[in-house]
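Engineer: Chain order of the listed sequences is A and B.
Under our numbering, the first residue of the first sequence carries the number 0, and numbering increases by one thereafter.
Under our numbering, the first residue of the second sequence carries the number 6, and numbering increases by one thereafter.
We put the beta carbon where it would ideally sit given N, CA and C, even for glycine.
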Amino acid sequence: NAGVTQTPKFQVLKTGQSMTLQCAQDMNHNSMYWYRQDPGMGLRLIYYSASEGTTDKGEVPNGYNVSRLNKREFSLRLESAAPSQTSVYFCASSEGVPGKGYTFGSGTRLTVV
Amino acid sequence: EDQVTQSPEALRLQEGESSSLNCSYTVSGLRGLFWYRQDPGKGPEFLFTLYSAGEEKEKERLKATLTKKESFLHITAPKPEDSATYLCAVLTGANSKLTFGKGITLSVRP
Chain A
0 NAGVTQTPKF QVLKTGQSMT LQCAQDMNHN SMYWYRQDPG MGLRLIYYSA SEGTTDKGEV
60 PNGYNVSRLN KREFSLRLES AAPSQTSVYF CASSEGVPGK GYTFGSGTRL TVV
Chain B
6 EDQVTQSPEA LRLQEGESSS LNCSYTVSGL RGLFWYRQDP GKGPEFLFTL YSAGEEKEKE
66 RLKATLTKKE SFLHITAPKP EDSATYLCAV LTGANSKLTF GKGITLSVRP
């Protein structure tokens with residue numbers, strides 16, 4: 000089925016470890032996004048990529064880096080994980096114009112201990 | 006800065022008891038207002054896009070309306086399967102970034 004695929008679904012890291020969250024979409028969308036969702040905080044934008052080859056910071060970029068590998072793939076990297084990065088991470092994609100908004104992946108639940 | 010406020014934070018209804026969820030916004034240049042549904046452990050799922058004041062859209066038991074300051078998601082005769090978190094988001098400016106509210110958790114009891 001067409002959509003946004005995120006891997007892994009669950010991950011436990013120790014403080015200071017690094018990891019990369021993977022995201023791929025097969026809808027030929029131009030724009031891709033990484034959000035984190037925390038209780039009581041809602042969805043907050045970490046980074047986005049309006050088109051292949053471009054990336055921009057969102058509301059909460061500190062401690063993260065991203066790579067838009069190609070039109071399909073957009074990865075999120077935590078270089079040195081901290082407990083404050085415990086969250087559920089969602090990747091999304093869109094055509095880049097108003098319409099159906101975003102298509103979201105099913106999320107990665109990350110715990111940093 | 007764009008602001009989106011949803012109320013109430015949580016709503017418990019009896020099956021068949023109609024109600025409304027509110028999304029108020031303060032933005033510059035609204036290009037679209039979006040409603041999403043999110044089930045536990047899953048990503049948000051698109052419901053509606055509204056573009057201008059006075060617009061209404063319907064899907065099964067849900068109807069979304071938009072004014073210049075707020076949007077309402079009306080739920081008519083809800084069923085337990087309507088239990089979920091409902092998210093509101095706004096699109097403004099020249100880019101395609103959505104700003105989300107914190108969501109409203111709806112529980113419908115049989």
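1) Determine the burial state of K74 (chain B): buried for a count of at least 16 other Cβ atoms within 10 Å of its Cβ, exposed for fewer.
2) Is V3 (chain A) near the ligand MG, in the sense that its beta carbon is under 8 angstroms from a heavy atom of that ligand?
3) Taking Cβ positions only, does Y41 (chain B) come closer than 9 angstroms to chain A?
4) By the criterion of Cβ-Cβ separation under 9 angstroms, what are the contact partners of S105 (chain A) in chain B?
5) Take the Cβ of T107 (chain A) as the centre, count every other Cβ of all protein chains shown within 10 Å, and call the residue buried at 16 or more, exposed below.
6) With DSSP as the reference, label E86 (chain B) as helix, strand or coil.
7) Against A49 (chain A), what residues of chain B qualify as contacts under a CB-to-CB distance less than 7 angstroms, listed in chain order?
8) For L18 (chain B), which residues of its own chain have a beta-carbon under 6 angstroms away from its beta-carbon, when the five flanking residues on both sides are left out?
9) Kindly identify the DSSP beta-bridge partner or partners of Q36 (chain A).
10) Which two residues bound the contiguous beta strand (DSSP E) that contains Q16 (chain A)?
11) Would you kindly work out how many angstroms separate the C-alpha atoms of G41 (chain A) and P13 (chain B), rounded to a whole number?
12) In angstroms with no decimal places, state the Cα-to-Cα distance between A94 (chain B) and V11 (chain A).
Structural biologist: So, to answer that:
1) In the second sequence, residue 74 (chain B) corresponds to position 69, counting from 1. Looking at its Cβ environment, which holds fewer than 16 other Cβ atoms inside 10 Å, K74 (chain B) is exposed.
2) Judged by which ligands are present, the structure shown has none, so any question about the ligand MG falls away.
3) Mapped onto the second sequence, residue 41 (chain B) falls at position 36. So yes, Y41 (chain B) belongs to the interface.
4) Position 106 of the first sequence holds residue 105 (chain A). Those within 9 angstroms of S105 (chain A) in chain B are G46, K47 and G48.
5) The count along the first sequence starts at 1 and reaches residue 107 (chain A) at position 108. Buried: at least 16 other Cβ atoms inside 10 Å.
6) What you label residue 86 (chain B) is simply residue 81 of the second sequence in a count that begins at 1. Looking at E86 (chain B) - three-state DSSP - the assignment turns out to be helix.
7) Along the first sequence, one-based indexing puts residue 49 (chain A) at 50. The answer, in chain order, is N100 and S101.
8) Residue mapping note: residue 18 (chain B) aligns to position 13 of the second sequence, counting from 1. These residues qualify, in order along the chain: S24, P83 and V113.
9) Here the question's residue 36 (chain A) lines up with position 37 in the first sequence. For Q36 (chain A), which the question treats as bridged, DSSP gives the partners A:L42 and A:V87.
10) For the purposes of this step, residue 16 (chain A) is identified with residue 17 of the first sequence, where counting begins at 1. Unbroken run through Q16 (chain A): none, as it is neither H nor E.
11) The residue you call residue 41 (chain A) lines up with position 42 of the first sequence. The residue you call residue 13 (chain B) lines up with position 8 of the second sequence. Taking the straight line joining both Cα atoms gives about 14 angstroms.
12) Taking the second sequence and counting its residues from 1, the one referred to as residue 94 (chain B) is at position 89. Taking the first sequence and counting its residues from 1, the one referred to as residue 11 (chain A) is at position 12. Distance between the alpha carbons of A94 (chain B) and V11 (chain A) is about 30 angstroms.
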